[in-house]
Amino acid sequence: RKKKNFLINMNIDELEDLDDIELSDEEDMQLEASIKNIIDDKELKWIFVGGKGGVGKTTMSSSIAVQLAAKRKSVLIISTDPAHNLSDAFTQKFTSKPTPIEGFDNLFGMEIEPKMPTESALGENFSKGPGASIFQSILPMASSMPGIDEFFSFMEIMKEVKNMNYEVVVFDTAPTGHTLRLLSFPDMFENGIGKILKQGNVQSMMKGVMNMMGSNAPQMGQDEDGGLSIGGLNFNKVTSTIREVSDQFKNPKLTTFVCVCIPEFLSVYETERLVQELMKFEIDSHNIIVNQLVFKDPERKHECKMCNSRIRIQRKYLNQVFELYSHFHITQMPLLGEEVRGPDSLKTFSKQLLTPLPYAYEKGSFDDNE
Numbered sequence: 051r052k053k054k055n056f057l058i059n060m061n062i063d064e065l066e067d068l069d070d071i072e073l074s075d076e077e078d079m080q081l082e083a084s085i086k087n088i089i090d091d092k093e094l095k096w097i098f099v100g101g102k103g104g105v106g107k108t109t110m111s112s113s114i115a116v117q118l119a120a121k122r123k124s125v126l127i128i129s130t131d132p133a134h135n136l137s138d139a140f141t142q143k144f145t146s147k148p149t150p151i152e153g154f155d156n157l158f159g160m161e162i163e164p165k166m167p168t169e170s171a172l173g174e175n176f177s178k179g180p181g182a183s184i185f186q187s188i189l190p191m192a193s194s195m196p197g198i199d200e201f202f203s204f205m206e207i208m209k210e211v212k213n214m215n216y217e218v219v220v221f222d223t224a225p226t227g228h229t230l231r232l233l234s235f236p237d238m239f240e241n242g243i244g245k246i247l248k249q250g251n252v253q254s255m256m257k258g259v260m261n262m263m264g265s266n267a268p269q270m271g272q273d274e275d276g277g278l279s280i281g282g283l284n285f286n287k288v289t290s291t292i293r294e295v296s297d298q299f300k301n302p303k304l305t306t307f308v309c310v311c312i313p314e315f316l317s318v319y320e321t322e323r324l325v326q327e328l329m330k331f332e333i334d335s336h337n338i339i340v341n342q343l344v345f346k347d348p349e350r351k352h353e354c355k356m357c358n359s360r361i362r363i364q365r366k367y368l369n370q371v372f373e374l375y376s377h378f379h380i381t382q383m384p385l386l387g388e389e390v391r392g393p394d395s396l397k398t399f400s401k402q403l404l405t406p407l408p409y410a411y412e413k414g415s416f417d418d419n420e
């Protein structure tokens, strides 16, 4: 997607000065303020929904999944956030296996648990024998290694890509930093871990560790292509699968990323950082949902000073969103007086993602001093 040059390397002070930037007529055009472009796109297979913590990502991803279920044969929504909220949104318990969602015939949900395998899950090869104590001491350390959550989350995603039993998959992602690490995993694996494992001295060291673990240790050797193989796990095949997943995520016909924000400084600034990083990863993004907007109520009899103050602040940052993302579909969602929980509530709420609100703000319809 076309991106204005002044966004690159933008800092906080420049973001505050966006009101002074003048755009051409072409840049000033606004696309439809809804997510119909995503719901109606029959080719899309992977839809990521992300943003800063607390902006309503789970509600929006659940709503998108609900609307997709009305159009597609089968839809899976996956939570990759270690602090899952998907079960709360649908008022139904999900596990690491796809579970049918109550009230739908073709919508399924799951929550990825990025955990290290336990000793019992790995079998007697690792729990007995001369090297068992070594493994038992390594396992707790490995489970706390930086990036281990992203590794196992991506492994689960790879399974879904390989199996692809669903027509479209929606990802309810973790806050921005965690999600960016997850999306950067393919390059990190191929350029980092993959190259390390190919080093002769590293393979020799690993063989020494296996020898210390005794005859029950997993066999280490080379596959028919000359690649490293440990216990039947072919690293060349793993790398090939990771590359396949990465290629699909970089294909704009198959994958898109929906950014969710609220009209406040930190959220807008983090959204811009997210959009720039997505550009580096070559992941398509052309939809932004601005959530929790307060609108003026013409029927309100009494003046609400706090409401008016919030409206002024939100208009300022909504205007900056309009300026930054003139080539995006910008959907406005209201701040509600009640929670959105359960299938029925989500069905009602999600309809607002398809039809622009009649009282939604338009670019140029207000200024910061109004």
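Under this note's numbering, the residue at position 232 of the sequence shown is numbered 282, and the numbers go up by one with no gaps.
Virtual Cβ for every residue (Gly too), placed ideally from N, Cα, C.
Rounded to whole angstroms, what's the CA-CA distance from K413 to K300? Just pull it up for me.
-> The count along the sequence shown starts at 1 and reaches residue 413 at position 363. The count along the sequence shown starts at 1 and reaches residue 300 at position 250. Straight-line Cα distance between these residues: approximately 31 Å.
Using the Cα positions of T223 and M110, report the straight-line distance between them to the nearest angstrom.
-> Along the sequence shown, read from residue 1 onward, the residue named residue 223 stands at position 173. Along the sequence shown, read from residue 1 onward, the residue named residue 110 stands at position 60. So the two alpha carbons sit approximately 11 Å from each other.
Where do the ends of the alpha helix (DSSP H) carrying L233 lie?
-> The residue you call residue 233 lines up with position 183 of the sequence shown. Segment T226 to L233, the alpha helix (DSSP H) holding L233.
Does the beta-carbon of G104 have 16 or more other beta-carbons within 10 angstroms, so that it is buried, or is it exposed?
-> Against the sequence shown, residue 104 aligns to sequence position 54. So G104 counts as exposed.
Give the C-beta separation of S234 and K102 to the nearest angstrom, bearing in mind that I take them to be a contact with Cβ-Cβ under 8 Å.
-> As a working mapping, residue 234 is identified with position 184 in the sequence shown. As a working mapping, residue 102 is identified with position 52 in the sequence shown. Not confirmed; about 18 Å, so no contact.
In DSSP terms, what M160 is bridged to | Mapped onto the sequence shown, residue 160 falls at position 110. Paired residues: I128.
Helix or strand or just coil, what does DSSP make of L385?
-> Taking the first residue of the sequence shown as 1, we reach residue 385 at position 335. Coil at L385, not helix or strand.
What is the residue span of the beta strand (DSSP E) that T141 lies within?
-> Start at 1 with the first residue of the sequence shown, and residue 141 comes out as number 91. First-last for T141: undefined, no H or E at that position.
Where does the unbroken beta strand (DSSP E) through I338 begin, and where does it stop?
-> Looking up residue 338 in the sequence shown gives position 288. From DSSP, the beta strand (DSSP E) with I338 extends over N337 to L343.
Please name the residue or residues paired with G101 in a DSSP beta bridge.
-> For this step, residue 101 is matched to residue 51 along the sequence shown. For G101, which the question treats as bridged, DSSP gives the partners V310.
If you compare alpha carbons, which of F378, D138, A139 and L324 is closest to P225?
-> Your numbering for residue 225 matches position 175 in the sequence shown. Measuring from the Cα of P225, the nearest candidate turns out to be L324.
Grouping DSSP H, G and I as helix and E and B as strand, with all else coil, what is F204?
-> Numbered from its first residue, the sequence shown carries residue 204 at position 154. It is helical.
For A410, collect the residues of the same chain with a Cβ closer than 7 Å to its Cβ; drop the 5 residues on either side in sequence, then sort them by chain order.
-> In the sequence shown, the residue the question calls residue 410 occupies position 360. Here the set comprises A83 and Q382.
Cβ of E93 within 8 Å of Cβ of P393?
-> Counted from its first residue, the sequence shown places residue 93 at position 43. Counted from its first residue, the sequence shown places residue 393 at position 343. Contact flag unset, no.
With 16 other CB atoms within 10 Å as the buried threshold, where does L386 fall?
-> For the purposes of this step, residue 386 is taken as the residue at position 336 of the sequence shown. It counts as exposed.
Alpha-carbon spacing of P236 relative to M356, whole angstroms = To locate residue 236, count along the sequence shown from 1; it is residue 186. To locate residue 356, count along the sequence shown from 1; it is residue 306. Going by the C-alpha atoms only, they are around 47 Å apart.
Could you pull the start and end residues of the alpha helix (DSSP H) that D394 belongs to?
-> The sequence position of residue 394 within the sequence shown is 344, counting from 1. P393 to S400 is the extent of the alpha helix (DSSP H) around D394.
Cβ-Cβ distance between F129 and L136 below 8 Å | The count along the sequence shown starts at 1 and reaches residue 129 at position 79. The count along the sequence shown starts at 1 and reaches residue 136 at position 86. Note that residue 129 is Ser in the sequence shown, not Phe. A contact, by the Cβ cut-off of 8 Å.
Going straight from the alpha carbon of Y367 to that of V125, what length do you get?
-> On the sequence shown, position 317 is the one that residue 367 refers to. On the sequence shown, position 75 is the one that residue 125 refers to. Whole-angstrom Cα-Cα distance: 34 Å.
Same chain only: Cβ atoms within 7 Å of T108, ignoring 5 sequence neighbours per side | By one-based count along the sequence shown, residue 108 stands at place 58. Result list for T108: N135, L136, A139 and D222, in chain order.
Is the beta carbon of L304 sitting closer than 8 Å to the one on Q117?
-> For the purposes of this step, residue 304 is identified with residue 254 of the sequence shown, where counting begins at 1. For the purposes of this step, residue 117 is identified with residue 67 of the sequence shown, where counting begins at 1. It is not a contact, given that the beta carbons lie outside the stated cut-off.
In angstroms with no decimal places, state the Cα-to-Cα distance between E388 and F399.
-> As a working mapping, residue 388 is identified with position 338 in the sequence shown. As a working mapping, residue 399 is identified with position 349 in the sequence shown. C-alpha separation (whole angstroms): 11 Å.
Just the Cα atoms here: how many angstroms apart are L343 and R293?
-> Locating residue 343 in the sequence shown gives position 293, counting from the first residue. Locating residue 293 in the sequence shown gives position 243, counting from the first residue. In a straight line, the C-alpha of L343 is about 40 Å away from that of R293.
In DSSP terms, what I380 is bridged to | In the sequence shown, counting from the first residue as 1, residue 380 sits at position 330. The partner list for I380 (beta bridge, DSSP) reads I338.
How is P408 classed by DSSP in three states: helix, strand or coil?
-> The residue given as residue 408 occupies position 358 in the sequence shown. Three-state result, P408: coil.
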